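To keep things clear, I will list the structure first and then write my remarks on it.
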Amino acid sequence: MELELNEIEDLEEGRLYKVVQITINGRPLLYFAKDTGKIFHFMVLKKILENHRIPYSEIKIQDYKAPDTKGETAGGVYFINGMGGAKVLPGRKVLLFGDSMGYGLNISNEHLAHFREAHPDCGWQLLSASTT
Numbered sequence: 100m101e102l103e104l105n106e107i108e109d110l111e112e113g114r115l116y117k118v119v120q121i122t123i124n125g126r127p128l129l130y131f132a133k134d135t136g137k138i139f140h141f142m143v144l145k146k147i148l149e150n151h152r153i154p155y156s157e158i159k160i161q162d163y164k165a166p167d168t169k170g171e172t173a174g175g176v177y178f179i180n181g182m183g184g185a186k187v188l189p190g191r192k193v194l195l196f197g198d199s200m201g202y203g204l205n206i207s208n209e210h211l212a213h214f215r216e217a218h219p220d221c222g223w224q225l226l227s228a229s230t231t
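Under the numbering used here, the very last position in the sequence shown is 231; numbers go up by exactly one each time.
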């Protein structure tokens with residue numbers, strides 16, 4: 100099964116997602132991947148960086164080689180702002196929660212502010228967040 104990245108417009112009601120909040124070359128981005136129970140945040144991050152053709156250094160998270168949380172290469176500059184989970188509730192409300200245990204990051208409220216403005220129809224709800 101190939102990991103598929105979803106953007107806000109593609110989210111399905113009732114489904115759980117892994118969330119990665121990332122800034123690439125100064126642009127805040129928000130990606131979702133369906134949480135099948137076999138998906139980890141580092142897999143989502145790896146897919147994002149590969150899609151953007153950004154090389155990355157690796158760190159060890161448990162027994163896995165995972166992309167580092169920031170990098171500056173010829174392919175671009177990236178920084179991970181936050182990670183966690185999401186569930187789409189009735190009425191197109193997006194509930195964000197939790198964290199990435201491997202990376203020790205949770206949802207960034209500051210990063211999310213960009214998407215609240217751009218997608219006010221999503222009825223964003225936040226259970227836990229960092230201020231960065």
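Glycine included, each C-beta is placed from N, C-alpha and C at the ideal position. Computed from a predicted model, the values in this text were never measured in an experiment.
Please state whether DSSP places Lys-145 in a helix, a strand or coil. helix
Could you give the distance in angstroms between the alpha-carbon of Tyr-202 and the alpha-carbon of Pro-189? 30 Å
Where Val-187 falls, given that 16 or more other Cβ within 10 Å makes a residue buried: buried
Simplified DSSP state of Arg-126, which is helix, strand or coil: strand
Can you give me the Cβ contacts of Ile-179 inside the same chain, cut-off strictly under 6 Å, excluding the 5 residues immediately before and after it? Ile-121, Thr-168
Whose CA, out of Phe-214, Val-193, Gly-183, Gly-222, lies closest to the CA of Arg-126? Phe-214
Helix, strand or coil at Asp-109 [DSSP, three-state]: helix
Selected residue, minimal CA-CA separation from Asp-158, among Cys-221, Ile-147, Phe-141: Sequence inspection shows Ile at residue 158; the Asp mentioned does not correspond to that position. Closest by alpha carbon: Phe-141.
Using a Cβ-Cβ distance cut-off of 8 Å, determine whether Gln-120 contacts chain B. Protein chain content of the structure displayed is limited to a single chain, and chain B is not contained in it.
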